[in-house]
Amino acid sequence: MLMKKFFTALMFAVAMLTAAPSQAQVKFGLKGGLNVTDMSLSSEVFNESNKTGFFVGPTVKFTLPIVGLGIDASALYDQRDAKLKGDDNSENVSLRSINIPINVRYTFGMSSLAAIYLAAGPQFGYNIGDKNVFSYVDDEGAEGFSLKKSNFSVNVGAGITLMSKFEIGATYNIACGKTGEFNVIDAAGKQIFSKGTRMNSWQVSAAYYF
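Heads up, our numbering is the position in the sequence shown plus 213, with the first residue counted as 1.
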């Protein structure tokens, strides 16, 4: 029911922006920030730590001042790093992606100089870095950790707009599927263990609109 309401709101916003182009305001800008990633992975496989990263890229914002409704979209280079620690070794994991978040926004102003906004929407990610993070092969078989080629997630956040040009926001990015997978294969080539992982992130961003 919640997902149905979200998509209904998204389609409503798109319809309004299409039906009233003369009222819509379009602004282009640049967005960047930091993220702290929560990688869910069983402690039976690895313990994870050092979950840091950053993102940067162009952004565009469509707003309808009459109703306070709008949409923003970005194309962000996103890097998320973590260290996986096992009993005998440790490995660095670096997910490098082009992320495309598309958010429905609702803005309400406190004054002509500042406004608060709420935002939520889907995010599409495309892995442009290494897919196979690491692998070990011996006489008993093989084991390794790999990242997916693409991923889908949902953003929920809020922030403040200053002087219609600056924005500072906080977002929680929720992965909706596997981000990576740990597999163990025996000497005969049969998979004997598989465990998926998800990367959820807290993100703090700053944006400037021209």
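Don't be surprised by glycine CBs; every beta carbon is placed ideally from N, CA and C.
Item: Relative to the C-alpha of I311, which candidate in G409, G338, L277 has its C-alpha closest?; Value: G338
Item: Buried or exposed for A332, going by 16 or more other Cβ atoms inside 10 Å?; Value: buried
Item: Relative to the C-alpha of S414, which candidate in G281, C389, N396 has its C-alpha closest?; Value: C389
Item: With a threshold of 6 Å on Cβ separation, who are the neighbours of T320 within its own chain once the five nearest residues in sequence on each side are excluded?; Value: G281, A328, Y330
Item: Would you kindly report the start and end of the unbroken beta strand (DSSP E) that includes G372?; Value: 363–375
Item: Rounding to the nearest angstrom, what Cα-Cα distance links Q238 and F275 in this structure?; Value: 6 Å
Item: Would you tell me roughly how many angstroms separate the C-alpha atoms of G426 and F267, rounded to the nearest one?; Value: The shown model of the chain, from 214 to 423, leaves out residue 426, and the question about it has no answer.
Item: Give the straight-line distance between the Cα atoms of I315 and V367, rounded to the nearest whole angstrom.; Value: 9 Å
Item: Across which residues does DSSP place F424 in a beta bridge pair?; Value: Since the first and last residues shown for the chain are 214 and 423, residue 424 lies out of range.
Item: Go through the stretch 305–352 residue by residue and report every complete run of the beta strand (DSSP E) that reaches 3 residues or more, in order.; Value: 327–340, 345–351
Item: Using the C-alpha atoms, what's the distance from V397 back to N248?; Value: 30 Å
Item: Who are K274's beta bridge partners in DSSP?; Value: K240, D285
Item: Counting C-beta neighbours from all protein chains within 10 Å, is the total for I381 16 or more, i.e. buried, or is it exposed?; Value: exposed
Item: I279 by DSSP, collapsed to three states: which one?; Value: coil
Item: Tell me T265's beta-bridge partners as DSSP assigns them.; Value: V249, D294
Item: Please classify M216: does DSSP put it in a helix, a strand, or coil?; Value: Annotation note: pLDDT 49 at M216 (below 50); position unreliable, coordinate value reported separately. If DSSP states are grouped into helix, strand and coil, M216 belongs with the helices.
Item: Ordered along the chain, which non-local residues of its own chain (more than five positions away) have a Cβ less than 6 Å from that of F219?; Value: With a pLDDT of only 47 at F219, under the threshold of 50, the placement of this residue in the model should not be trusted, and no figure is reported.
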